[in-house]
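Worksheet: one structure, shown below.
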Amino acid sequence: MKKFIKSLLILMSIGLISCSDVIDVEVPTATERLVIEASLDWQKGTTGNNQTIKLSTSTPYFDTTINNIVVGASVKVTNVDSNVEYIFTDQNDGTYTISNFVPVVNNTYTLEVLYNDEIYKATETLVAVPAINGADQSLEGGFDDEVLDVSIYWNDPIDEENFYFIRFSEEQENFPDLSSISDEFSNGNEMDYFFENDKEDDDGNPTEFLAGDVVDIELYGVSEGYYNYISLLIDQYYAGGDPFSSVPAELRGNCINLTNESNYAFGFFRLSEYDTLTYTFE
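Going left to right, the sequence shown walks through residues -22 to -1, 1 to 260 as mature numbering (1 follows the signal peptide of the UniProt record, and there is no 0) numbers them.
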């Protein structure tokens, strides 16, 4: 009987081993596309002369080894109102820079990128932003009345539509928290927005704010087109891993391929004035 049981266990082990065949799953890959990161941001109180545009190509989702920077492209931004052209210099690392850009609020600018004999173009207006009035902390402004949050305040201009993009960056955090908001229900009034840390560390412990923690806050004025684009992007980012969320859709920015319409680029050409504030929790 013992020999029978031993033989049976050996046969079962062989069966299990034989069932562990390696199955190669072919993952479909999308067409490689140009990725244009062209956010020309002008911080209040500075000249805004130094600007950088990044170019790369899209890569397969699971591929982390491809060097996808784009060099050898031509990048030009033109102020449509003044006809002044700004030629960006290729730094041979995927970035294209300039040190004499002149930002003018409410002026319209065009971006033109020449890459692989194809011309990509986008048009945007430089949007102003109100100054941040201040910030304060509270246990009552967020979703959890036992966790500290920080709120910022600014005066929304009256009798005009305004759209905002907000970045909250914690010290020693790799990824900022992003938000977008419009003045649809608060036009002409003092607006506010709060940030509450609801993250967890690698062990699943909450990482709420404590005294001494520092947060850098940036408030951007953006166009309605960028507001719609970034709102969808933020929704998809924070819905990651949610089984009940909608399937992410491919987001197209405002960069159009004039040479070959079907070979469109990813990314968005944005021009924004922004204000910044650093807050330390007490």
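Using N, Cα and C, we set each Cβ at its ideal position, and we do this for glycine too.
Proximity of the region 123 to 141 to the region 185 to 196 meets the contact definition, three or more beta-carbon pairs being nearer than 8 Å.
Between Val192 and Ser250, the gap from beta carbon to beta carbon reaches 7 Å or more. Straight-line measurement puts the Cα of Glu10 at about 30 Å from the Cα of Asn57. Here Gln69 is exposed: its Cβ has fewer than 16 other Cβ atoms, across all protein chains shown, within 10 Å. In the DSSP assignment, Gln29 is bridged to Ile76. By the 16-neighbour rule on beta-carbons within 10 angstroms, Asn140 is buried. In the structure shown, the three-state DSSP call for Glu139 is coil. A distance below 7 Å separates the beta carbons of Val83 and Ala106.
Per DSSP, the continuous alpha helix (DSSP H) segment holding Glu202 begins and ends at Glu202 to Tyr216. In the same chain as Tyr98, and ignoring 5 residues on each side of it, the C-beta atoms closer than 6 Å to its own belong to Val91, Cys233, Asn235 and Ala243, in chain order. Within the model, the alpha-carbon separation for Arg248 versus Leu18 is close to 6 Å. The alpha-carbon separation between Val80 and Asn27 amounts to approximately 6 Å. If only uninterrupted alpha helix (DSSP H) runs of at least 4 residues are considered, none is enclosed by the region 64 to 114. No residue range can be given for Ala189, since it is assigned to no beta strand (DSSP E) and is classified by DSSP as neither H nor E.
The shortest CA-to-CA distance from Asp59 to any of Asn78, Asn85, Tyr74 and Asn45 is the one to Asn85. The three-state reading of DSSP puts Glu10 in coil, since its state is none of H, G, I, E or B. CA-CA distance, Asn206 to Ile195, rounds to 21 Å. Glu102 and Thr88 have their alpha carbons spaced roughly 6 Å apart. Under the three-state reduction of DSSP output, Leu249 falls in the strand class. In the three-state reduction of the DSSP assignment, Glu196 falls in the strand class. With respect to Thr67, Thr75 sits close: the two C-beta atoms are nearer than 7 Å. Taking C-beta atoms under 8 Å as the contact rule, Val13 and Thr35 qualify, at a distance of about 6 Å.
Taking C-alpha positions only, Ser52 is separated from Ser164 by approximately 42 Å. In this structure, Pro108 sits near Asn133, with a CB-CB distance shorter than 7 Å. The shortest C-alpha to C-alpha distance from Tyr252 to any of Glu138, Tyr64 and Ile110 is the one to Ile110. The Cβ neighbour count for Tyr198, taken over all protein chains shown within 10 Å, is at least 16; the residue is labelled buried.
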